[in-house]
Each structure stands twice: as structure tokens, then as C-alpha cells.
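Engineer:
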Amino acid sequence: MSSDFGAVLHDMLAGADVPDAARCWAAGDLGPGLRLWRRLGNLGVTALAVPEKQGGLGASPLDLVVACEELGHHAVPGPLAESLAAVPVLLGETGSGHDWPAALAAGDLIATLAAPPRVPFAAGAEAAGLVLYAEDGVVGRGIVDATFRSIDPTRSLAEVQRGPVVAEGVAGAVARALDFGALACAAQLLGAGRALLEAAVRHAGLRVQFGRPVGAFQAVKHRLADVAIGLEFARPLLEAAGVALAEDGPTAGRDVSAAKVACAEAAHRSARAALQVHGAIGYTAEHELSRFLLQVRALVPAWGSQAEHRARVLREL
Amino acid sequence: MTEAFRAEVRDWLAAHVPATPLPSLDTADGFEAHRAWERALAAAGLAVVTWPAAYGGRDATLAEWLVFEEEYYAAGAPARVGQNGLFLLAPTLFACGSAEQRDRILPRMAAADDIWAQAWSEPEAGSDLAALRSRAVRGGGGWLVSGSKTWCSRAAFADRAFGLFRTDPAAARHQGLSYLLFSLRAPGVTVRPIRQLGGRTGFAEIFLDEVFVPDSDVVGEPGDGWRIAMSTASHERGLSLRSPGRFLAAAERLVSLWRRSGGDPGLGERVADAWIGARAYQLHTHATAARLAAGGTLGPEASMGKVFWSELDLALHEVALDLLGPRAEVRDGPDGVWLEDYLFALAGPIYAGTNEIQRTLIGERVLGLPR
Numbered sequence: 001m002s003s004d005f006g007a008v009l010h011d012m013l014a015g016a017d018v019p020d021a022a023r024c025w026a027a028g029d030l031g032p033g034l035r036l037w038r039r040l041g042n043l044g045v046t047a048l049a050v051p052e053k054q055g056g057l058g059a060s061p062l063d064l065v066v067a068c069e070e071l072g073h074h075a076v077p078g079p080l081a082e083s084l085a086a087v088p089v090l091l092g093e094t095g096s097g098h099d100w101p102a103a104l105a106a107g108d109l110i111a112t113l114a115a116p117p118r119v120p121f122a123a124g125a126e127a128a129g130l131v132l133y134a135e136d137g138v139v140g141r142g143i144v145d146a147t148f149r150s151i152d153p154t155r156s157l158a159e160v161q162r163g164p165v166v167a168e169g170v171a172g173a174v175a176r177a178l179d180f181g182a183l184a185c186a187a188q189l190l191g192a193g194r195a196l197l198e199a200a201v202r203h204a205g206l207r208v209q210f211g212r213p214v215g216a217f218q219a220v221k222h223r224l225a226d227v228a229i230g231l232e233f234a235r236p237l238l239e240a241a242g243v244a245l246a247e248d249g250p251t252a253g254r255d256v257s258a259a260k261v262a263c264a265e266a267a268h269r270s271a272r273a274a275l276q277v278h279g280a281i282g283y284t285a286e287h288e289l290s291r292f293l294l295q296v297r298a299l300v301p302a303w304g305s306q307a308e309h310r311a312r313v314l315r316e317l
Numbered sequence: 318m319t320e321a322f323r324a325e326v327r328d329w330l331a332a333h334v335p336a337t338p339l340p341s342l343d344t345a346d347g348f349e350a351h352r353a354w355e356r357a358l359a360a361a362g363l364a365v366v367t368w369p370a371a372y373g374g375r376d377a378t379l380a381e382w383l384v385f386e387e388e389y390y391a392a393g394a395p396a397r398v399g400q401n402g403l404f405l406l407a408p409t410l411f412a413c414g415s416a417e418q419r420d421r422i423l424p425r426m427a428a429a430d431d432i433w434a435q436a437w438s439e440p441e442a443g444s445d446l447a448a449l450r451s452r453a454v455r456g457g458g459g460w461l462v463s464g465s466k467t468w469c470s471r472a473a474f475a476d477r478a479f480g481l482f483r484t485d486p487a488a489a490r491h492q493g494l495s496y497l498l499f500s501l502r503a504p505g506v507t508v509r510p511i512r513q514l515g516g517r518t519g520f521a522e523i524f525l526d527e528v529f530v531p532d533s534d535v536v537g538e539p540g541d542g543w544r545i546a547m548s549t550a551s552h553e554r555g556l557s558l559r560s561p562g563r564f565l566a567a568a569e570r571l572v573s574l575w576r577r578s579g580g581d582p583g584l585g586e587r588v589a590d591a592w593i594g595a596r597a598y599q600l601h602t603h604a605t606a607a608r609l610a611a612g613g614t615l616g617p618e619a620s621m622g623k624v625f626w627s628e629l630d631l632a633l634h635e636v637a638l639d640l641l642g643p644r645a646e647v648r649d650g651p652d653g654v655w656l657e658d659y660l661f662a663l664a665g666p667i668y669a670g671t672n673e674i675q676r677t678l679i680g681e682r683v684l685g686l687p688r
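Structure (C-alpha cells):
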């Protein structure tokens with residue numbers, strides 16, 4: 001089902017004017033973006049990680065990977081890894097006693113969470129009907145203190161205090177939820193990296209200097225080849241991490257970390273190359289490229305820094 | 318099936334891999350020691366597992382081949398001295414050779430009775446291989462071959478060689494080439510070993526002066542050599558030449574070395590990246606093998622693998638040398654193997670098509686960038 005599902009999602013997003021939704025979201029008008037999220041709900045995307053017994057699809061993490069890669073490929077605004085992956089998994093593991101999972105699955109509720117130290121802020125709280133706070137194995141409602149702007153203008157960062165307790169003694173569930181968040185984030189990064197490479201290849205084929213398309217110059221060609229290689233070899237790590245999480249095997253943490261490191265690195269290299277190939281036009285706020293460049297910069301350290309994930313790979317080898 | 322096969326390979330290797338490493342295969346003694354090892358592998362039915370049983374193989378799938386390689390490198394078994402023949406010529410003969418050629422050549426190759434060298438490059442034709450000038454003209458009821466070849470891997474001690482020669486000087490440069498096989502002991506052949514960076518003679522120059530090659534040693538049709546050579550080039554870039562077992566085994570040794578040397582967190586980041594890269598290459602290769610088993614083909618994307626593994630191999634060994642610190646320059650100490658493997662890795666971005674050639678292929682044929 002997976003690749004077909006990705007194609008369906010891609011077609012929907014390609015026709016949904018995501019750039020406009022993102023511009024409005026960044027300007028404080030969530031309307032078009034929330035309508036887009038509603039359509040994700042209709043397609044079942046918001047139900048993927050919600051267990052069947054809680055009204056969701058209980059889908060494989062691999063389906064979540066396919067969906068999040070496509071959402072990253074279009075740089076859809078909103079707390080995706082939180083609401084589509086981490087929170088449903090957390091509530092699925094802890095059993096919430098609320099109707100939150102069913103509402104998440106139906107697309108009626110958007111959720112986010114903070115889980116310091118790895119996830120210090122709750123992203124996109126302005127769109128969320130449910131903010132959670134997890135620390136030391138205790139999960140509570142989150143009370144938003146202060147909100148910071150992210151380098152990604154569609155992303156806000158809320159500092160959160162713990163409110164009423166929802167579940168206690170659930171450190172394992174929190175850890176698994178954070179791994180799902182990191183997996184979804186890695187998939188978004190891979191999708192964004194792909195979009196940046198596609199944009200760079202397109203531009204390099206059209207932009208003429210010295211009488212030739214700039215993509216005919218070896219310096220440009222070779223740099224984009226390196227980007228393609230990075231993305232190509234990040235993908236199997238991402239899929240393996242999805243499989244390991246599905247099996248809840250002993251290597252799941254290591255595999256998620258390896259995937260996050262490789263996808264973030266590949267997306268970052270893609271962003272740098274795409275900006276360089278576009279030249280000055282790529283450095284403007286109005287150019288479509290900026291959405292992807294800034295989203296990648298925001299997501300690279302999200303759900304655990306590169307150093308933290310590399311250290312975990314070595315620890316768990 | 319696969320797990321039973323894995324167990325068989327593991328058990329045999331555990332019982333037979335020499336306790337002390339064989340002398341380098343790029344010395345006369347080492348070459349013969351590696352030939353003897355190949356014969357032992359062949360006797361155990363493990364020399365050419367992917368070949369049909371009729372030629373000494375056991376019809377192993379690509380997935381099983383990858384299992385074999387994982388076990389082979391994990392066991393620290395000797396380098397394959399016959400690899401030019403096994404992984405380059407043999408696939409070409411299966412795809413384009415005649416039944417007579419397969420029957421005559423492959424069993425001797427499998428048994429290491431003939432060890433093959435490659436003869437592609439010439440002094441004026443490296444990356445631009447189609448500029449080659451060594452020629453073959455009709456004579457004596459076959460072909461008379463003259464010219465020179467260089468950087469011929471294993472040619473210093475090998476028995477036979479394969480390469481491309483110009484048989485029709487009037488034809489366009491990619492046409493008029495023929496794929497020929499010849500004995501390195503034939504009259505008119507002079508082999509001059511070349512000392513490599515590390516001091517050993519891993520490759521050689523071959524000079525040919527009216528060397529007779531019978532028609533039965535032309536692979537495919539005369540004039541069709543370029544297409545035949547390129548049809549199996551992707552084998553050399555990916556899968557068969559550099560299977561992931563090699564890098565995963567090295568990455569695991571690297572992690573041990575890092576732990577033993579105190580677990581420096583700065584170098585740890587590069588150690589982690591090396592292991593992640595080796596794991597990515599393993600997963601990617603298994604996915605490719607599954608795709609090929611389902612009837613897919615290996616196209617220009619093989620160039621991505623070639624750049625990836627060659628840079629991974631170098632990065633991995635450079636971290637190892639950095640971990641060893643001032644001891645890294647010692648060639649004959651207990652850690653000298655890192656230095657030897659580093660010297661070998663240095664050649665990776667050059668052979669089998671330089672990484673620059675590969676990046677151009679990726680840009681044009683995978684990404685569709687303008688020429």
C-alpha cells in the first residue's frame with residue numbers, strides 16, 4: 001500500500017496550494033492550513049498512529065514514514081511529528097481515559113507536546129487543542145508560558161509548564177513516543193531534502209549563464225550528484241527504523257537515531273546546495289525555496305540533536 | 318534456507334580461515350597462497366556460489382550472496398585474488414559469451430587454475446576509455462594484438478587477461494572495439510609490474526607485440542566490445558565488487574577500536590557516521606538485490622553506490638588512523654592492518670570509473686541535468 005498512498009497524498013497536496021496555507025500560517029491566519037489538516041484527516045493520515053482500539057488505523061510505522069515524507073516534501077505547516085506520531089503513540093501506550101485519540105484520528109483535534117530535555121518546546125501550540133508535557137516518566141497537560149518564534153516562520157515554540165497529571169510511571173511510553181517523533185521528523189527531512197533537490201535540478205536546467213544552463217557545469221552537476229547520493233542512502237535507514245519500531249525490537253532506538261542523523265545530514269546538504277544553485281533569488285523570502293530551507297534548518301536539531309543521536313548509536317551498538 | 322546457508326558458510330570459514338593472515342596477494346608467494354585458498358574454497362563449493370551448478374556454483378540468489386559476503390568479511394577471510402575474473406569477466410561471459418567459452422573458461426576460473434587480470438586502461442585512455450589505441454588486426458586465422466595496457470590489476474602474477482582492443486580503426490570511437498581474452502604467457506606479451514603507493518605490485522603494464530588471439534577468444538561479436546564491457550560495468554560499481562559485508566565488518570572493528578582507545582567523544586561522531594554509512598550501504602544493497610530478484614535492472618543509479626562506498630571506505634579508515642594517533646604510521650605493528658586497508662581505500666575513488674565520472678553520470682542520467 002505504501003508507495004501508492006504516498007502518491008495519493010502527493011497528488012492531494014500538489015493541488016491544495018500548500019504555499020498559500022504556509023504563508024497565511026506564518027502571518028497568523030491558520031484558516032487555510034487547518035482546512036488542509038482537515039483533508040489529511042479525511043485521507044486517514046491523522047489516524048495512522050492511533051491504535052485501532054482507540055478509534056484509529058493502528059498502521060505500520062512504515063505508513064507513517066511514507067505520509068510524513070510526503071508532508072515534508074510539500075513543507076506542510078503545523079505540528080506534524082507531534083500530532084501524527086508522538087502524541088498518538090504516547091496516548092496509545094498509556095491509555096488516556098479521554099476521547100483524545102479518537103478526536104486525533106478523526107482530524108478533529110491537533111496535539112503537541114514538550115518533553116525536555118530532548119524536546120524542550122511544544123511546537124505549533126497555537127494550532128493545538130491539546131498540549132502535553134512529559135518529563136521523568138510523568139505526563140501532564142501542558143500550560144503554555146511563553147512562545148518563541150522559530151527560524152521556520154510556520155513554526156512556533158512554546159515553553160510549557162506541567163499542569164494536571166495524565167499518566168505516571170510511563171517512562172517507556174514517553175521514550176517510544178519520542179522515537180516515533182524522531183522517525184516522523186526524519187521522514188519530513190527526507191521529503192524536504194527531496195523537494196530541495198528537485199527545485200535545484202529544475203532551476204539548474206532553466207537558468208542560463210555564459211550561454212549554457214548552469215546545470216551543464218560540472219561544479220553544479222557534481223554538487224547535486226552528492227545531494228542525490230546522500231538522500232538515496234538515507235532512505236533505507238529510515239525504512240529500517242520503521243521496521244524496527246514496528247517490531248519494537250532491541251535495535252529500535254539505535255535504528256531511529258541512525259535514520260535521524262542520516263536524513264538530517266542529507267536534507268541539510270540538499271538545502272545548502274539548493275540555495276547555492278539558485279543564487280541570490282534563493283535568498284529571498286518570497287521565493288518558494290525559503291519555506292524548505294528554513295524548515296530544514298528548524299528540523300535538523302528537533303527531536304534530538306545530531307550529536308545526541310550519534311552518541312546513542314554508539315551506545316546501543 | 319538462507320539461515321542454513323549462513324550457518325554452513327560460517328562454520329566452514331571458522332574451521333578454515335588461516336589463523337595468521339596470508340602474505341599480501343601482491344607478492345609472488347602471497348599470490349600463490351591466495352590461489353591455494355581459492356582452491357580450498359572451490360573444493361568446499363564456496364568459490365562461486367551465485368553461478369549455476371554446471372560451472373561449479375550452487376545457484377545462490379543475490380540475497381544469499383550477500384549473506385555469504387557478510388560471513389566472509391566477518392570471518393576476516395583472505396582477499397579474493399580471482400575477483401577480476403569472478404566478478405567482471407564471469408558476468409560478461411554469462412551475458413554475452415558463447416556456451417563453448419563458458420564451458421572452457423569458467424570451471425578453470427572457479428578452481429583458480431586461471432586467475433584473470435583486467436586490461437582496460439592505456440597510457441592515453443583512462444577515464445576516457447574509448448580513446449584506447451591498442452589494436453587487433455586479422456592474421457594467422459585469428460587476431461594479432463599490439464599496443465600497451467596499464468594499471469592492470471593483478472597482472473603481475475595472473476595467468477590470463479581480458480580487455481578492449483580496436484579492431485576497426487575506421488569506425489567511430491565507441492564502435493570498432495572488440496572484447497578479447499589472452500594469455501599473459503603468450504609469445505609477444507611483456508608484463509612490467511608497477512610498484513604502488515604502498516610499495517607492492519598490485520598492478521602492471523602489459524605490452525603486446527602481435528600477440529595471437531584465436532576467434533574463440535573474442536567475447537560477443539567483433540566491434541561490439543564497448544556495449545559488452547559497459548553492460549557489466551554496473552556490476553563493478555556496485556553489488557558484486559564491493560559487497561556491504563566488507564564495510565560493516567570494518568565499521569564494527571572501528572567501533573571496537575574507538576572503545577579500546579578511550580571513547581573520545583569528538584572522534585566518536587565520525588565513528589558513528591562510519592557505522593551509519595556502512596549500515597546504510599548494507600540496507601541499500603539488500604533492497605537492490607530484492608529489486609533485481611523481482612526482475613528489475615541495475616542502471617545508472619549504480620554510480621551512486623560506487624561514490625558512496627568508496628568515500629565511506631576512506632572516511633572509515635581515516636577515523637581509524639586518527640584514533641591510533643601517533644601510532645597510526647607504524648606499518649608492521651598490531652594495528653598496521655588499518656594502514657594497509659587505508660592505502661587500499663585510497664584507490665577506491667579512482668578505479669572502476671573515477672568518482673568524477675560517476676558524478677557526471679549521476680547528474681546527467683539520474684537527475685537529468687543538461688550535458
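The listed protein sequences correspond, in order, to chains A and B. Residue 307 in our numbering sits at position 307 of the first sequence; the count goes up by one each step and never skips. Residues are numbered in our numbering as their position in the second sequence, beginning at 1, plus a constant of 317. The beta carbon of each residue, even a glycine, is placed where N, CA and C say it ideally should be.
1. Of all the beta strand (DSSP E) runs that stay within the bounds of the segment 556-601 of chain B, which reach a length of 3 or more residues?
2. Given a cut-off of 8 Å on the beta-carbon distance, is the pair B:L684 and B:S620 in contact?
3. Whose CA, out of B:D485, B:G515, B:L403, B:F499, lies closest to the CA of B:L656?
4. Only counting the same chain, and skipping five residues up and downstream in sequence, which positions put a Cβ closer than 8 Å to that of B:V366?
5. Could you pull out every residue in the same chain whose Cβ sits closer than 6 Å to the Cβ of B:Q513, ignoring the five residues on either side in sequence?
6. Just reading off the beta strand (DSSP E) that A:E135 is part of, what are its end residues?
7. Taking 8 Å as the threshold (C-beta atoms), are B:W433 and B:F479 in contact?
8. Secondary structure at A:G279, three-state DSSP: helix, strand or coil?
9. Using CA atoms only, rank isn't needed, just tell me which of A:R162, A:R312, A:E135 is closest to B:E586.
10. Three or more beta-carbon pairs under 8 Å between the segment 82-99 of chain A and the segment 40-52 of chain A, yes or no?
11. Could you tell me the distance, in whole angstroms, from the CA atom of A:V300 to the CA atom of A:G97?
12. Please state the DSSP three-state secondary structure of B:A503.
13. Using DSSP with H/G/I as helix, E/B as strand and the rest coil, what is B:F482?
14. Just the C-alpha distance for B:D280 and B:D658, rounded to the nearest angstrom, thanks.
15. What is the residue span of the beta strand (DSSP E) that A:A111 lies within?
16. I need the straight-line Cα distance from A:L90 to A:A114, nearest angstrom please.
17. How about A:P236 and B:A597: do their beta carbons lie closer than 8 Å?
18. Within 10 angstroms of the Cβ of A:Y283, are there 16 or more other Cβ atoms? Answer buried if so, exposed if not.
19. Just confirm the distance between the C-beta atoms of A:G181 and A:V160, as a whole number of angstroms; I'd bet it's less than 8 Å.
20. Closer than 8 Å by C-beta to A:M1: which residues in its own chain qualify, once you throw out the five before and the five after it? Chain order, please.
21. Whose Cβ in chain B lies nearer than 9 Å to the Cβ of A:G249?
22. At least one CB of chain B closer than 8 Å to the CB of A:Q276: is that the case?
23. Return no unless some Cβ of chain A is closer than 8 Å to the Cβ of B:H601.
24. Please confirm whether A:K260 has its beta-carbon closer than 8 Å to some beta-carbon of chain B.
25. If distances are taken between C-alpha atoms only, which option among A:D11, A:P153, A:L157 comes closest to A:A146?
26. For the beta strand (DSSP E) that B:L525 lies in, which residues bound it at each end?
27. Just tell me which of A:G6, A:G137, A:F233, A:V65 has its CA closest to the CA of A:A246.
28. Classify B:Q435 as helix, strand or coil using the three-state DSSP reduction.
29. Please report the straight-line C-alpha distance between B:I674 and B:T507, rounded to a whole angstrom.
30. Could you say if the segment 605-625 of chain B and the segment 250-259 of chain A meet the contact criterion of at least three C-beta pairs nearer than 8 Å?
31. Should B:I593 go down as buried or exposed, given a rule of 16 or more other Cβ atoms within 10 Å for buried?
32. So the alpha helix (DSSP H) A:G41 belongs to, where does it begin and stop?
33. Leaving out five residues on either side along the sequence, give the residues of the same chain with a beta carbon under 7 Å from the beta carbon of B:S444.
34. For B:R483, count neighbouring C-beta atoms within 10 Å of its own C-beta (all shown protein chains included) and say buried if the count is 16 or more, exposed if not.
35. Three or more C-beta pairs under 8 Å: does that hold for the segment 642-652 of chain B against the segment 597-612 of chain B?
36. Excluding the 5 residues flanking B:M426 on each side, which residues of the same chain have their C-beta closer than 6 Å to its C-beta?
Structural biologist: Put simply:
1. none
2. no
3. B:G515
4. Closer than 8 Å at Cβ, skipping near neighbours: G374, R375, A377, E381, W382, F385.
5. G519
6. 130-135
7. yes
8. The answer is helix: DSSP assigns A:G279 an H, G or I state.
9. A:R312
10. yes
11. 34 Å
12. coil
13. Strand, per DSSP.
14. The structure shown has nothing for residue 280 of chain B, since chain B only spans 318 to 688.
15. 111-114
16. 12 Å
17. yes
18. exposed
19. Contact flag wrong, Cβ pair sits at about 15 Å.
20. Since pLDDT at A:M1 reaches only 43, below the 50 mark, its modelled position is unreliable, and no value is offered.
21. Near A:G249 there are no residues of chain B at all, since even the closest Cβ is about 15 Å away, more than 9 Å.
22. no
23. Yes, because at least one Cβ of chain A sits closer than 8 Å to the Cβ of B:H601.
24. Residue contact check for A:K260 against chain B: no CB pair falls below 8 Å.
25. A:L157
26. Counting along the chain, the beta strand (DSSP E) containing B:L525 begins and ends at 520-530.
27. A:V65
28. Residue state, collapsed to three classes: strand.
29. Rounded to the nearest angstrom, the two C-alpha atoms are 30 Å apart.
30. Touching, no, given that fewer than three Cβ pairs across the two stretches are closer than 8 Å.
31. buried
32. 31-43
33. T671, I674
34. buried
35. no
36. G402
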